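Residue numbers (the numbering used here): 16 to 457.
To start, the structure under review is shown below, and the notes come after it.
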């Protein structure tokens with residue numbers, strides 16, 4: 016009698032999955048590393064791993080139709096003569112003109128203004144459209160110094176000195192030649208059509224003492240009127256926050272690895288830095304240890320998508336959050352109506368991330384004049400304002416359910432975690448227990 020082994024289903028490797036295999040083949044064929052935009056796509060502990068504990072008997076909820084829940088925030092109260100007052104604790108992150116089209120930058124300014132919040136310039140300077148349509152505009156001062164000039168420093172409402180970015184802490188971005196149009200080249204003082212790599216560190220300092228000198232220089236240029244932010248990537252948040260405070264920052268902006276980028280190496284995006292959730296509590300601890308929590312404001316960015324994310328970041332100790340990728344989606348990025356054109360580029364709506372190529376069918380991450388016409392700044396601005404309104408209403412709903420009359424009254428005690436990892440890094444109890452890993456018993 017002959018015995019035959021039954022057929023089995025082929026088993027694929029969890030380590031060498033289809034994507035990994037395709038990357039090995041691509042690298043072998045081209046000899047170059049992959050460059051893309053957007054943020055990390057791997058799964059990491061995130062806000063979804065936390066839940067709120069709504070009020071019942073031990074906590075009393077607020078009645079949404081009769082009792083107010085405030086949302087305002089003031090940024091830059093430490094030294095600035097003119098702190099920024101915002102209606103909502105959700106700001107728009109820095110995204111450069113060059114990476115984004117002029118109409119997209121205008122739309123971000125319009126939407127932020129309608130919602131009562133601020134937007135940010137990004138690398139490459141300040142455009143007139145952005146300044147003209149942004150009631151509150153934060154001017155980024157980056158290592159590259161592209162487009163930087165004292166006049167625009169004074170025209171801004173706050174200055175953000177960028178030391179690191181969540182998608183690439185310790186690294187610089189890229190702007191390929193096909194996106195360096197005449198206007199971009201003129202603003203950045205670069206040759207047209209030539210690839211550009213942003214510097215990974217400021218050229219005139221080698222440590223935190225030099226940062227203090229730079230902050231003082233900027234304060235002198237702006238007559239001590241403007242709040243000075245310091246933006247750090249999610250690498251060593253406790254020490255970086257402490258050093259930013261020591262250097263004289265009014266506001267610390269903390270960007271986790273889910274933060275996006277216009278373009279850098281994928282290996283950088285996926286393997287450098289820490290998840291946003293893991294960065295918040297160490298930064299807050301640094302502020303508390305220095306007696307500066309709420310005196311130096313903390314803005315958290317990197318993967319904020321909805322009102323629950325906003326509320327959770329504030330409950331963990333942030334004063335505000337900042338959105339980038341979500342804001343681009345709100346104004347039309349990766350819109351399914353351009354699906355056929357995304358398919359022609361070898362991708363699909365919702366997955367397109369080759370922003371550096373300048374071929375974005377939505378007209379947002381491009382300098383192509385014909386594609387840019389697809390962005391209506393007024394309509395896109397209204398969509399962003401609607402999205403910001405919904406984020407705020409969702410966060411208010413959660414705060415009321417926890418019995419809080421201001422979003423800033425949310426606290427870690429309002430949270431529990433679904434996983435041991437999230438409980439440990441957010442320093443809140445594992446659901447159903449009183450256990451915070453590493454800090455106590457069940």
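Glycine is no exception: its CB is placed at the ideal position from the N, C-alpha and C atoms.
Predicted model only: the values in this text are computed from it and were never measured.
Using 10 angstroms around the beta-carbon of residue i, count the other beta-carbons present and answer buried if the total reaches 16, otherwise exposed.
i: residue 382; result: buried
i: residue 358; result: exposed
i: residue 235; result: exposed
i: residue 349; result: buried
i: residue 37; result: exposed
i: residue 260; result: buried
i: residue 19; result: exposed
i: residue 323; result: buried
i: residue 286; result: exposed
i: residue 366; result: exposed
i: residue 82; result: exposed
i: residue 31; result: exposed
i: residue 135; result: buried
i: residue 165; result: exposed
i: residue 88; result: buried
i: residue 118; result: buried
i: residue 175; result: buried
i: residue 151; result: buried
i: residue 282; result: exposed
i: residue 29; result: exposed
i: residue 58; result: exposed
i: residue 98; result: buried
i: residue 7; result: For the chain, the structure presents residues 16 to 457; residue 7 sits outside this window and is missing.
i: residue 347; result: buried
Give the secondary structure of residue i by DSSP, where H, G and I count as helix, E and B as strand, and everything else as coil.
i: residue 291; result: helix
i: residue 23; result: coil
i: residue 67; result: strand
i: residue 175; result: strand
i: residue 156; result: strand
i: residue 202; result: helix
i: residue 456; result: Because residue 456 carries a pLDDT of 48, less than 50, the predicted location of this residue cannot be relied on, and the following value inherits that uncertainty. Three-state DSSP puts residue 456 in coil, outside helix and strand.
i: residue 58; result: coil
i: residue 208; result: coil
i: residue 435; result: helix
i: residue 338; result: strand
i: residue 448; result: coil
i: residue 273; result: coil
i: residue 35; result: helix
i: residue 241; result: coil
i: residue 261; result: helix
i: residue 191; result: coil
i: residue 256; result: helix
Can you grab the Cα-Cα spacing for the pair residue i / residue j, in whole Å?
i: residue 42; j: residue 50; result: 12 Å
i: residue 96; j: residue 265; result: 11 Å
i: residue 319; j: residue 389; result: 26 Å
i: residue 429; j: residue 444; result: 10 Å
i: residue 441; j: residue 452; result: 10 Å
i: residue 45; j: residue 188; result: 21 Å
i: residue 255; j: residue 26; result: 45 Å
i: residue 186; j: residue 351; result: 32 Å
i: residue 378; j: residue 356; result: 12 Å
i: residue 457; j: residue 69; result: In this prediction, residue 457 scores a pLDDT of 44, lower than 50, which makes its location untrustworthy; the coordinate-derived value is nonetheless stated afterwards. Approximately 22 Å between the Cα atoms of the pair.
i: residue 191; j: residue 199; result: 12 Å
i: residue 23; j: residue 419; result: 57 Å
i: residue 439; j: residue 454; result: 9 Å
i: residue 437; j: residue 62; result: 8 Å
i: residue 233; j: residue 178; result: 15 Å
i: residue 111; j: residue 374; result: 17 Å
i: residue 67; j: residue 21; result: 50 Å
i: residue 116; j: residue 396; result: 14 Å
i: residue 160; j: residue 448; result: 50 Å
i: residue 33; j: residue 93; result: 51 Å
i: residue 133; j: residue 361; result: 35 Å
i: residue 122; j: residue 71; result: 42 Å
i: residue 195; j: residue 206; result: 8 Å
Is the shortest distance between the beta-carbon of residue i and the beta-carbons of chain D less than 7 Å?
i: residue 394; result: In the structure shown, chain D does not exist; there is a single protein chain.
**Message:** Taking 8 Å as the cut-off, does the stretch 305-313 touch the stretch 69-83 (at least 3 CB pairs, one atom from each stretch)?
**Reply:** no
**Request:** Any chance you could list the beta strand (DSSP E) runs of at least 3 consecutive residues sitting entirely within the stretch 75-119, in chain order?
**Result:** Contiguous beta strand (DSSP E) elements confined to the stretch 75-119 occur at 88-90, 99-101, 105-107, taking only those with 3 or more residues.
**Request:** Inspect the CB distances between the stretch 122-138 and the stretch 98-107 and report whether three or more fall short of 8 Å.
**Result:** yes
**Asked** In chain order, which continuous runs of the beta strand (DSSP E) of length 3 or greater are located wholly inside the stretch 303-332?
**Response** 312-316
**Message:** Runs of 4 residues minimum, wholly inside the stretch 340-424: which ones carry the alpha helix (DSSP H) assignment?
**Reply:** 340-346, 354-359, 384-387, 392-416
**Message:** Pairs of beta-carbons, one from the stretch 407-414 and one from the stretch 294-302, closer than 8 Å: are there three or more?
**Reply:** no
**Message:** For a minimum of 4 consecutive residues, which ranges assigned as the alpha helix (DSSP H) are wholly contained in the stretch 118-142?
**Reply:** none
**Request:** Say whether the stretch 265-275 touches the stretch 289-296, bearing in mind that this needs 3 or more beta-carbon pairs closer than 8 Å, one atom from each stretch.
**Result:** yes
**Message:** I want to know whether the stretch 233-250 touches the stretch 197-213 - three or more CB-CB distances under 8 Å.
**Reply:** As far as the Cβ criterion goes, the stretch 233-250 does not touch the stretch 197-213, which means the pair count is below three.
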